[in-house]
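Take a look at the structure set out below.
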Amino acid sequence: MNLKLLEDLNSSTYLIEHSKAVLAKALEIATNFDVDLEIVRAGALLHDVGRTKTQGVRHGIEGAQILREQGFPKDVVRIAEVHIGAGIPRNEACLLGLPCQDYLPVILEEKIVAHADNLIHGTREVSLEFVVEKWKKSMGKNHPSIDRLRKLHGELII
């Protein structure tokens with residue numbers, strides 16, 4: 380069902396393969412926790428569904444809307460909405476032109492998918508330091524998202 384939705388929305392092969400890689404990493408992280416694996420699976424496969432509409436930061440919001448319209452559970456919808464980076468707090472969301480609210484992963488399933496996405500570059504797994512360096516280049520070496528990324532990594536990677 381989840382892959383079928385990506386196919387029905389004419390997702391690129393790249394997006395489908397990336398989503399499968401995020402799923403594998405999310406399931407690996409999830410083995411350390413008591414979580415709802417069905418939510419992790421669906422959230423990981425569909426976290427980037429909004430990229431069928433936009434490649435920008437709004438893809439989380441677009442994806443959440445698509446999933447709501449398709450009748451997905453709120454937990455899966457929320458994963459799409461908050462998976463970007465290590466989350467986006469209200470003040471940063473406003474500056475980015477997003478609706479002014481928090482887009483921070485809160486429950487474990489949300490955190491697991493968000494961080495699995497961070498650790499997959501295309502279809503290959505990368506280190507935390509690779510991600511930190513990439514973010515420093517794109518957002519600046521002192522951007523607060525880097526501290527959030529490190530905190531999320533510390534919570535999830537045992």
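First residue of the sequence shown? That's 380 in this note's numbering, and the numbers climb one at a time after it. In this text, a Cβ means the ideal position worked out from N, Cα and C, and glycines have one as well.
Identify every residue that forms a DSSP beta bridge with Arg503.
His500
What would DSSP say about Gly466, mapped onto helix, strand or coil?
strand
Suppose the cutoff is 7 Å on Cβ atoms and the five residues either side in sequence are ignored; what does the same chain contact list for Asp496 look like?
Val401, His426, His462
Checking 8 Å against the spacing of the C-beta atoms, do Val419 and Glu512 come in under that value?
no
Buried/exposed call for Gly466, threshold 16 Cβ in 10 Å
Burial call: buried.
Option nearest Val436 by Cα separation, candidates Ala423, Ser391, Glu460, Ala421
The shortest C-alpha separation from Val436 is found at Glu460.
Compare the beta carbon distance of Val456 and Leu384 with 8 Å and say whether it is the shorter of the two.
no
Give me the Cα-Cα distance between Tyr393 and Val505, rounded to the nearest whole angstrom.
Between the C-alpha atoms of Tyr393 and Val505 there is a straight-line separation of about 17 Å.
Using CA atoms only, rank isn't needed, just tell me which of Glu441, Met518, Ala423 is closest to Leu382.
Ala423
Taking the alpha-carbon of Arg527 as reference, which of Ser517, Lys453, Gly464 has the nearest alpha-carbon?
Gly464
Can you tell me the Cα-Cα spacing of Glu508 and Asn521, whole angstroms?
Approximately 14 Å, taken between the alpha carbons.
So, for Asp454: in the same chain, excluding its five sequence neighbours on each side, which residues have a beta-carbon less than 6 Å away from its beta-carbon?
Ile418
Near Ala409, which residues of its chain fall below 7 Å by C-beta distance, leaving aside the five closest residues on each side in sequence?
Leu416, Val419, Ile491
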